[in-house]
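For reference, the structure discussed in these notes is given below.
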Amino acid sequence: MSKPSELVQGTLDMLVLKILALEPLNGWAVSQRLKQMSSDVLGVSDGSLYPALHKLEQRGWITARWKLSENNRRSKFYSLTQLGRKQLEKQAADWNRLSAAISGIVKLKEA
Amino acid sequence: MTFEQWLYTLPLRLRSRFRRKQVDQELEDELRDHLEQQTKENLAAGMTPEEARYSALLALGGMTQIEQRCRDARGGNVIDDLVQDLRYGFRQLWRSRGFTLLAILCLTLGIGANTAVFSWIEGILFRPYPAVVHQERLFALAGTARGKAGPTPLSWPDFLDLQRSCTLCDAFFVSKITGSTLNVGERAEITRGSIVSANYFDAIGVHPVLGRGFEPGEDVGSDAHPVAVISYQLWRNRFKSDPQIVGKMQRLNNVPHTIIGVAPEGFYGTFVGWAMHFWVPASMEETFESGGYKLEDRGARWIESYVRLKPGVTRAQAQEEISAIAARLEANYPATNRGRAIRLWPLWQTPFNNAGTLLPTLEIMLAVVAFVLLIACANVGNLLLVRSFARRREMTVRLAIGASRRRLLKQLLTEGLILSTLGAAGGLLVANWCRHALVLLLPAHSGVAMYLPGEIDWRVMSLSAGICLIATLIVGLVPALQTRNLDVAGALKAESSGVVGARGTAWVRSGLVVFQVCLSFVLLVGAALLLQSLQKIRTASPGFSTTNVVQTGVSLISAGYDVPQAETFQKELMDRLRALPGVESAAFARVTPLGYGSYSSTPIAVDGYQPPPEEQTTVDYNQVSPDYFATLGIPLVSGREFTRTDDENAPLVAIVNQTMAARYWRDQDPIDRRLQVKGRWVRVIGVAADSKYESMRESPKPFFYVPLLQDFVRGPALYIRSAQPLQSISSALLREVDALDGNLALYETITLQEQVNRSTSPQLVAVTLVSILGGLALLLAAVGLYGVMSYAVAQSSREFGLRMALGAGTASMFRRVISGGLRLTAVGVLCGATAGLAFTRLFGTLLYNVTPRDPLAFGLALAVMTITSVVACLVPAWRATRTDPARVLRD
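As structure tokens, then:
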């Protein structure tokens, strides 16, 4: 199976929001979770994750706090804000509509 | 980005702007944390430490690059830009200090004038009583009488009935201005105070800092409770802040009062125009008011009162309830209340203090200062245009190296913001200096200056801030519009041609000047109208002579005279005055014409006159002594004056004025006819010419006079007719009064002309303010015209040089510039005249015998405007004639 070369625009934001909606995590954990959940299909590089996190924070969708992690390291934890939750709902709804439409088209039988 | 998001992330933005180092450090820590965890993972997967670290870095894609991308993700920072723009703007403005100073000065004048007027409106009209709670629900209460224009005071019993029956109101209270000669230690001075209801201090939420306020019941009875609360100022200045003041005795109007309390600092009572320094309960009214005991007399209307509505009650609802109560009173007490209603007045229209008097003036001032602000903005806009032309190259370079037009616009607006903020700061200072300026325009009465403070509170501040923002937009947008015309390539290529956008600029600049001329022309017309009207009102005949008559009075009530004592004194004083050399005649009257006191009024009946059902037959009258008409110079049309024999033992008589004679006796002679006054029949013995009674602006109304001896009052006003100067009459009078009783104080002695002048002081205030601001506007417009013309001359030096080289004389150059300036003026004047016709209608209530379209005023304004324009164009025209053709052609 080939990897999609680039993530559909804006999809990374939605994935990150979704992951953070489950529990607050630090950057490294988010990258691990992305890899596990998408079974490496998406292949998000750690390089694009951090700018995305900062952008989301700047928009007020997620918020960051320095906390001690399980193994007692100071680490920056991100969590979803009220605004972020609304944004996630909106993006997810958009995504569902879009994917339903696209898969509908893809499933059309060729004459 | 939504506003919510913006607000939410504001702290974040501020942090990344002002804590840049810390933010960068955190970013680094965050990435290092990631690297270390990844390395650990890699080690666990069996890599060598070297390998593990390298692979982790590789996955991340290089620390520095990621850091930069993260910073970029944070996006362009609005605050960053703003700080940068501010810094750059200040530098730019500092570089051209002359321009900056002039611009700030213009804006300071414009914003300062506005803020000053706002502060007056706030401090005099909207929230006139500092320290009084809930002024937004406070209304003035006054009566009206059918067929009589203007409000009347209320009677005490009516007030009590209102207080008892009104359910929509929180509190009713009385506050009636009075005065007293106050002797503390060596010094005696006239002090203003209020006669109040006992609930006064509780109702307004003011609590004495020492002692107590009045207790319920202290406003009941005749001279029953001689107690007083004094003002903080009086306590500090005259009683040296005596901590033991409560319980001490102080004579007020010669009656010892116990001082029971000291009002808090910053509380000046509830009267617009004067600061109050003592308060006595209504039960003491006889001591301070003429007319005897009035607390049980429903027909004696003397009180000034206020009402505070319950929260949520509208004025209309309260008015409805109060009208219903008034109607009930009318039905129950027809003898005193027929045709009487009671009305609520917003504080700014309070009929019995100076709020109502100053309202029309301040309304006009609002429009006038808005004009001045617009003119100032136009001037600054013009200055900025010239500068933006000079900065054309800077702008084009910035555009060429990739600045967006939006960014340039932001820059220009920021510069405008700096200018207008500095202007607003200056304006607040100006307004602060002007807080007490209104008082300077109004005459002091009896040596006591009026108290009309402006108030600069958050409402005034936010209005000024709003104005500042509008000014910023106007001032910043004018040059910003010019950047639209910038042609990057063209401007960079051909800098010397210097005509980029020139045509557009010239058009905008001329437009601004026309606008300025137009507005200042309107103000000039306004000033001319008001000036003319003031001159007319001050020279108009009030129906009595204003020259060679002085007005004064002796304070008998405050000296404790009873009626027989006063009768003797007044008779003796009159004899002595008549014997004085140079005194032609002298007379007493209860109420002075055009003064503050109110006339007695009575329902009348006339034999053979059947009033139409809706007509009100209440007429005002005055109590006057023999020789009153001779002394004041009011001609008698027929019949005779009162004489000394018209006393309490003689048949009752009256003299009516012409309007009254014409209305009630039609074409017949009223002499020897009967007139019913307060239920008693009196005989008409004379008809006097009409005169002015309450205001110079009133139209003729029925009025009559009764002899003072048949309706006696203590200490009436005194008139002396004499050709001698005021000073010598007043010292002679003082000698005579002293000879009779050394303890008596004289009221202020003034000429009747001064009395007329005082009654027209609102007109004087309006004229002065509009003239000052009109002059200011004219000056600003002249500066604007001068700027445009000098710039035009500088721009067309080539043209002038060519013309001169071809043989044009300096005179024709001169004419060219002047006529150019006059053309702009002419267009402005034309617009101004059109606008003026609409605007001057606002002056209606202040004008006296002058139509708002008075051609003389328009002509005068035109002349002043033309002369000013010519003067403004002289220097540029002179410069045009100095053009050196040789040099211009060489360049």
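Quick note, the sequences are listed as chains X and E, same order.
Just so you know, we're using the working numbering here: the first sequence kicks off at 1 and counts up by one.
Just so you know, we're using the working numbering here: the second sequence kicks off at 1001 and counts up by one.
Where is the CB? At the ideal position from N, CA and C, for every residue including glycine.
Chain-ordered neighbours of residue i on chain E, where CB pairs are closer than 8 Å
i, result
"X:Trp28", "Asp1033, His1034, Gln1037, Gln1038"
"X:Asp94", "Those within 8 Å of X:Asp94 in chain E number zero; the least Cβ separation is about 17 Å."
C-beta neighbour in chain X for residue i, strict 9 Å
i, result
"E:Gln992", "Residue 992 of chain E lies beyond the residue range present for chain E, which begins at 1001 and ends at 1891; the question has no answer from this structure."
"E:Arg1069", "yes"
"E:Leu1529", "no"
"E:Arg1097", "no"
"E:Glu1026", "yes"
"E:Arg1823", "no"
"E:Arg1879", "no"
"E:Arg1020", "no"
"E:Ile1418", "no"
"E:Leu1012", "yes"
Residue burial classification, residue i (beta-carbon count within 10 angstroms, cutoff 16)
i, result
"E:Arg1340", "buried"
"E:Asp1033", "buried"
"X:Glu57", "buried"
"E:Ala1579", "exposed"
"E:Met1804", "buried"
"E:Tyr1786", "buried"
"E:Gln1317", "exposed"
"E:Asp1942", "This structure does not reach residue 1942 of chain E, given that chain E is present from 1001 up to 1891, and the question cannot be answered."
"E:Ile1892", "With chain E covering 1001 to 1891 only, the question about residue 1892 of chain E has no answer from this structure."
"E:Gln1532", "buried"
"E:Ser1479", "The question names Ser, yet the displayed sequence has Pro at residue 1479 of chain E. Per the 10 Å Cβ criterion, buried."
"E:Gly1560", "exposed"
"X:Trp61", "buried"
"E:Glu1030", "buried"
"E:Pro1707", "buried"
Contact set between residue i and chain X, taken where Cβ atoms lie within less than 8 Å
i, result
"E:Tyr1008", "Gly60, Thr81, Leu83"
DSSP three-state assignment for residue i, whether helix, strand or coil
i, result
"E:Cys1468", "helix"
"E:Tyr1129", "coil"
"E:Gln1233", "helix"
"E:Leu1168", "coil"
"E:Tyr1621", "strand"
"E:Arg1212", "coil"
"E:Tyr1599", "coil"
"E:Trp1345", "strand"
"E:Leu1477", "helix"
"E:Glu1584", "strand"
"E:Thr1546", "coil"
"E:Glu1189", "strand"
"E:Gly1150", "strand"
"E:Pro1360", "helix"
"E:Met1450", "coil"
"E:Val1280", "strand"
"E:Arg1053", "helix"
Chain X contact residues for residue i, given Cβ-Cβ distances below 9 Å
i, result
"E:Gly1061", "Ser45, Asp46, Gly47, Ser48"
Where residue i meets chain X, residues with beta-carbon distance less than 7 Å
i, result
"E:Arg1074", "His54, Gln58"
"E:Glu1030", "Gly27, Lys76"
"E:Ile1111", "Those do not exist, as E:Ile1111 stays about 37 Å from chain X at its closest Cβ, beyond 7 Å."
"E:Leu1373", "Within 7 Å Cβ-Cβ: nothing; E:Leu1373 doesn't reach chain X, min ~39 Å."
"E:Ile1066", "Gly47, Tyr50"
Contact list for residue i against chain E, beta-carbon separation under 9 Å
i, result
"X:Arg73", "Asp1033, Glu1036, Gln1037"
Residue i at chain E interface by Cβ criterion, 9 Å
i, result
"X:Pro51", "yes"
"X:Ser31", "yes"
- Query: Are there three or more Cβ pairs, one per stretch, closer than 8 Å when the stretch 1789-1809 of chain E is compared with the stretch 1551-1567 of chain E?
  - Reply: no
- Message: When you compare the stretch 1722-1739 of chain E with the stretch 1511-1529 of chain E, are there three or more beta-carbon pairs, one atom per stretch, that lie closer than 8 Å?
- Response: no
- Message: With three or more C-beta pairs closer than 8 Å as the rule, is the stretch 1546-1563 of chain E touching the stretch 1689-1706 of chain E?
- Response: no
- Mind the definition here: the stretch 1415-1422 of chain E touches the stretch 1128-1137 of chain E only if three or more C-beta pairs lie below 8 Å; say whether that holds. Contact check between the stretch 1415-1422 of chain E and the stretch 1128-1137 of chain E: fewer than three CB pairs, one atom from each, fall below 8 Å, which does not count as touching.
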